[in-house]
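A.B. asks: My questions all concern the structure below.
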Amino acid sequence: MLREITLGQYYQTDSVLHRLDPRVKIVGTLVFIASLFIANSPLGYGVAAVFLAVMIKLSHVPFQFIIRGMKAIFMLLIITMLFNLLLTPGEEVFHLWRLSVTKEGIRLALMMGIRLVFLVIGSSLMTLTTTPNNLTDGLEKLMGPLKVLHVPVHEIAMMMAIALRFIPILLEETDKIMKAQIARGARFDTGGIIDKARAMVPLLVPLFISAFRRAGDLAMAMEARCYHGGEGRTKMHPLAYEKRDALAYLLLALYLAVMILSRFVPVGGML
Numbered sequence: 017m018l019r020e021i022t023l024g025q026y027y028q029t030d031s032v033l034h035r036l037d038p039r040v041k042i043v044g045t046l047v048f049i050a051s052l053f054i055a056n057s058p059l060g061y062g063v064a065a066v067f068l069a070v071m072i073k074l075s076h077v078p079f080q081f082i083i084r085g086m087k088a089i090f091m092l093l094i095i096t097m098l099f100n101l102l103l104t105p106g107e108e109v110f111h112l113w114r115l116s117v118t119k120e121g122i123r124l125a126l127m128m129g130i131r132l133v134f135l136v137i138g139s140s141l142m143t144l145t146t147t148p149n150n151l152t153d154g155l156e157k158l159m160g161p162l163k164v165l166h167v168p169v170h171e172i173a174m175m176m177a178i179a180l181r182f183i184p185i186l187l188e189e190t191d192k193i194m195k196a197q198i199a200r201g202a203r204f205d206t207g208g209i210i211d212k213a214r215a216m217v218p219l220l221v222p223l224f225i226s227a228f229r230r231a232g233d234l235a236m237a238m239e240a241r242c243y244h245g246g247e248g249r250t251k252m253h254p255l256a257y258e259k260r261d262a263l264a265y266l267l268l269a270l271y272l273a274v275m276i277l278s279r280f281v282p283v284g285g286m287l
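In terms of the working numbering, the sequence shown has 261 at position 245, counting the first letter as 1, and numbering is strictly consecutive.
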């Protein structure tokens, strides 16, 4: 299950999205996330689905690889939808034990489910098509104006990129520890909730030790390479916008405009 998480991984291939400037992909991801909260009708979510499908096609990343990450959030998705379905007041549709299912609850559960799925896939698509180094450079460039306020932009961008890069590493480490403990008789899938929580304690201790060890090794490696922050540092491959990046920004603006207009088009009624 842990190996199914795709957020933070990089899929190496040659595609239009891979060649885009990382700043375009970061802005595009933020625009896509914002558009999911703008959408309030089947038309809006349909436009978002088409946009996401086109981006997946352009990325050349196998669709099966991308949706693999959905397995890890399946329980979160179900719980989110159930809470919205059963605890939203409104016009009652039918009873479920002592709880009432309402039209508003069904609508909100569908909206939250779609948003969560699209959000995870869209965010994963950015990391799958952007190397950690490019992601760091893109974040630093985008936050550049904050340097006027003496914000440590380079350090913040570096920390965010390292955190994303360590997600798949720590998940792989967790998977190895679980398999090693299962081979020694540990059980993580038996008993009640309390028993399962207790079984996780022997897993967390070696995982934290491994995480601190990796963090120490990374700090030593950075010091050995005379890393002292971003002051005065130069780039081997400086970021520069090209024509395709300008076209991508134009398409993003067009997509956002369509999503905003979809709020005022009563096609098929509200979700």
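Ideal Cβ positions, reconstructed from N, Cα and C, are used throughout, including at glycine. All values reported here derive from a predicted model rather than from experimental measurement.
Please report how far the alpha carbon of A69 lies from the alpha carbon of P58, in whole angstroms.
C.D. replies: So the alpha carbons of these two residues sit roughly 16 Å apart.
A.B. asks: Which residue comes first and which comes last in the beta strand (DSSP E) that contains S31?
C.D. replies: No beta strand (DSSP E) holds S31; DSSP gives it neither H nor E.
A.B. asks: So, under 8 Å CB-CB, L93 and G138 are touching, yes? Tell me the CB distance rounded to an integer number of Å.
C.D. replies: L93 to G138, Cβ: 15 Å. No contact.
A.B. asks: Consult DSSP for S116 and reduce its assignment to one of helix, strand or coil.
C.D. replies: Correct three-state label for S116: strand.
A.B. asks: Got a sec? Which residues, its chain only, sit under 7 Å from T45 by beta carbon, not counting five neighbours each side?
C.D. replies: Counting only Cβ-Cβ distances below 7 Å, and skipping sequence neighbours, we find G138, S139, M142.
A.B. asks: Looking at the unbroken alpha helix (DSSP H) that takes in F81, where does it start and where does it end?
C.D. replies: Segment 79-83, the alpha helix (DSSP H) holding F81.
A.B. asks: Can A65 and A55 be called in contact, C-beta distance under 7 Å?
C.D. replies: No, these two residues do not count as a Cβ contact at 7 Å.
A.B. asks: F110 bridges to which residues according to DSSP?
C.D. replies: Its beta-bridge partners are V117.
A.B. asks: For the pair the region 181-192 and the region 257-265, tell me if three or more CB-CB distances fall below 8 Å.
C.D. replies: Verdict: no, contact absent.
A.B. asks: Are there 16 or more other CB atoms within 10 angstroms of the CB of L33, so buried, or fewer, so exposed?
C.D. replies: Answer is buried; the Cβ neighbour count reaches 16.
A.B. asks: Along the chain, where does the alpha helix (DSSP H) that runs through Y271 open and close?
C.D. replies: Y271 -> alpha helix (DSSP H) spans 259-278.
A.B. asks: Quick check on the DSSP output: the alpha helix (DSSP H) that includes S4 runs from which residue to which?
C.D. replies: Nothing about residue 4 can be reported from this structure: the residues present for the chain run from 17 to 287 only.
A.B. asks: Express the C-alpha separation of R249 and T118 in angstroms, rounding to a whole number.
C.D. replies: Approximately 58 Å between the Cα atoms of the pair.
A.B. asks: Whose C-alpha, out of I276, P105, Y265, is nearest the C-alpha of L36?
C.D. replies: Nearest C-alpha to L36: Y265.
A.B. asks: Sort A215, A240, T29 by Cα distance to L74 and report the nearest one.
C.D. replies: When only C-alpha atoms are compared, the closest one is T29.
A.B. asks: DSSP three-state label for A256, please.
C.D. replies: Note: A256 maps to coil in three-state DSSP.
A.B. asks: When we look at the beta-carbon of L103 and count the other beta-carbons within 10 Å, is it buried (16 or more) or exposed?
C.D. replies: It is exposed - the Cβ of L103 has fewer than 16 other Cβ atoms within 10 Å.
A.B. asks: Exposed or buried, I198, counting other C-beta atoms within 10 Å across all chains shown (16 or more means buried)?
C.D. replies: Classification of I198: exposed, given that the 10 Å Cβ count is below 16.
A.B. asks: For Y27, which option in M174, F280, T146, R214 has the closest C-alpha, if you only look at C-alpha atoms?
C.D. replies: Of the listed residues, the one whose Cα sits closest to Y27 is T146.
A.B. asks: Pull up the CB-CB distance for I72 and I82, whole angstroms please, since I reckon it's below 8 Å.
C.D. replies: With 8 Å as the limit, I72 and I82 qualify as a contact, their Cβ atoms being about 6 Å apart.
A.B. asks: Can you give me the start and stop residues for the alpha helix (DSSP H) that Y61 sits inside?
C.D. replies: Where Y61 is concerned, the enclosing alpha helix (DSSP H) stretches over 58-75.
A.B. asks: According to the Cβ coordinates, are P38 and G154 closer than 7 Å?
C.D. replies: Cβ atoms of P38 and G154: closer than 7 Å.
A.B. asks: I'd like to check one pair, N100 with L135: are the Cβ atoms closer than 7 Å?
C.D. replies: No, Cβ-Cβ distance for L135 and N100 is not below 7 Å.
A.B. asks: Leaving out five residues before and five after L115 in sequence, what residues of the same chain have Cβ atoms less than 6 Å from its Cβ?
C.D. replies: Cβ neighbours of L115 beyond the five flanking positions: L102.
A.B. asks: Mapping DSSP to helix, strand and coil, what is V136?
C.D. replies: Helix at V136.
A.B. asks: Throw me the rounded Cβ distance for the L268 and V43 pair, which I believe falls under 8 Å.
C.D. replies: Between V43 and L268 the Cβ distance is about 7 Å, and since that is below 8 Å, they are a contact.
A.B. asks: Taking C-beta to C-beta, are P148 and A173 nearer than 7 Å?
C.D. replies: No, these two residues do not count as a Cβ contact at 7 Å.
A.B. asks: How would you call H170, buried or exposed, if buried means at least 16 neighbouring beta carbons within 10 angstroms?
C.D. replies: Looking at its Cβ environment, which holds 16 or more other Cβ atoms inside 10 Å, H170 is buried.
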